[in-house]
Amino acid sequence: MTDISNKIPLSFFEDKDVLALARSLLGKSIFTVIDGKLTGGIITETEAYAGIIDKASHAYGGRRTKRTETMYKPGGYSYVYFTYGMHHLFNIVTSRKDDPQAILIRGIVPTEGLDIQLERRNYIKNKFHIANGPAKVCQALGITLEQNNIPLSGDVIWLQNGELNTEKNIITCPRVGVDYAGEDALLPYRFILSHPDYKSAKNPLI
DNA sequence: TACACGATTTACT
DNA sequence: GTAAATCGTGTAT
């Protein structure tokens, strides 16, 4: 069950090295309490978005709009946005205030509130498909725009340290769906944790 | 105001 | 494998 003493503090996300941070999130647990329901899982896939010099980032070139304003918050805030007219994507803002770096959570292995996650996912039959994609993660955990721009240290969304040794089980590869970013689309900013209960939807190696 | 498109998922040919 | 779903956002007019 949840151990509140194990909650990861906001200061953890103020690290300026978003790549190291994205890698270190693998194996950690994420929990949400939304609509009064506790759900959670082990983070198994992340992508780093490296601030104003990253052509794949919404904040490229220092773009600052109503949507991206959240990315300029201090590390530890949530950045949730809506895309394709139907999907929500959840990010963790990192680094310091006004340095808009973020980590997209692309996949989890559900561990808490599995029945609730299945209900939200329309009782999908293949257990590997419950949360193996960034929009599926949001759907399974109940995350919508209502959870945008909140600190990840409260009782709505938070992270906890895991017990897995992930060091030798991480695959690094290019990010997904960022062809518009030109040469930056090839950067190895995506991290996947090998886990017996996880199959990445967008990687043939796993 | 108008338009093109997206850090995706799902169903279907 | 391909295409539809579906609308907020960013940028141009």
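Residue numbering for the first sequence follows the working numbering, starting at 419 and increasing by one per position.
Note that the Cβ used here is the ideal one computed from N, Cα and C, for glycine as well.
Predicted model only: the values in this text are computed from it and were never measured.
- Counting along the chain, the unbroken alpha helix (DSSP H) around S442 starts and ends at 436-442.
- Counting only residues of its own chain and dropping the five nearest sequence neighbours on each side, K545 has a CB closer than 8 angstroms to the CB of D615.
- Shown here, R524 sits in a strand according to DSSP, grouped into three states.
- Burial check for G480: the Cβ neighbour count within 10 Å stays below 16, so the residue is exposed.
- Excluding the 5 residues flanking it on each side, K491 has same chain C-beta neighbours closer than 6 angstroms at V511, in chain order.
- R539: not part of any beta strand (DSSP E); DSSP gives it neither H nor E.
- The continuous alpha helix (DSSP H) containing A558 extends over residues 552-559.
- Residue burial is scored here from C-beta neighbours: E581 has fewer than 16 other C-beta atoms within 10 angstroms and is therefore classed as exposed.
- Contact check for T529 against G600 fails: the beta carbons are separated by 8 angstroms or more.
- Apart from sequence neighbours up to five positions away, the residues of its chain that approach K455 with a beta-carbon distance below 8 angstroms are G531, I534, G560, ordered along the chain.
- Classified as exposed, E537 has fewer than 16 neighbouring CB atoms from the shown chains inside 10 Å of its CB.
- The segment 462-482 and the segment 516-529 touch, with no fewer than 3 CB-CB distances between them shorter than 8 angstroms.
- Contact check for A619 and G572: beta-carbon distance about 30 angstroms, past the 8 angstroms limit, so the pair fails to qualify.
- Shortest Cα-Cα distance from G445 to any of A553, L507, H613 involves H613.
- With a beta-carbon spacing of about 4 angstroms, K473 and D602 fall inside the 8 angstroms limit used to define contacts.
- A direct Cα-Cα distance of roughly 13 angstroms separates H547 from N621.
- Counting along the chain, V511 sits inside the beta strand (DSSP E) bounded by residues 505-512.
- Contact annotation, G494 with F431: C-beta distance approximately 4 angstroms; criterion of less than 8 angstroms satisfied.
- By the C-beta density criterion, G469 is buried, having at least 16 other C-beta atoms within 10 angstroms.
- Cβ neighbours of I452 within its own chain (closer than 6 angstroms, five residues either side excluded): G560.
- Taking the C-beta atoms as reference points, P592 is found no nearer than 8 angstroms to L577.
- Taken in chain order, the complete beta strand (DSSP E) segments of 3 residues or longer contained in the segment 570-607 are 575-578, 588-591.
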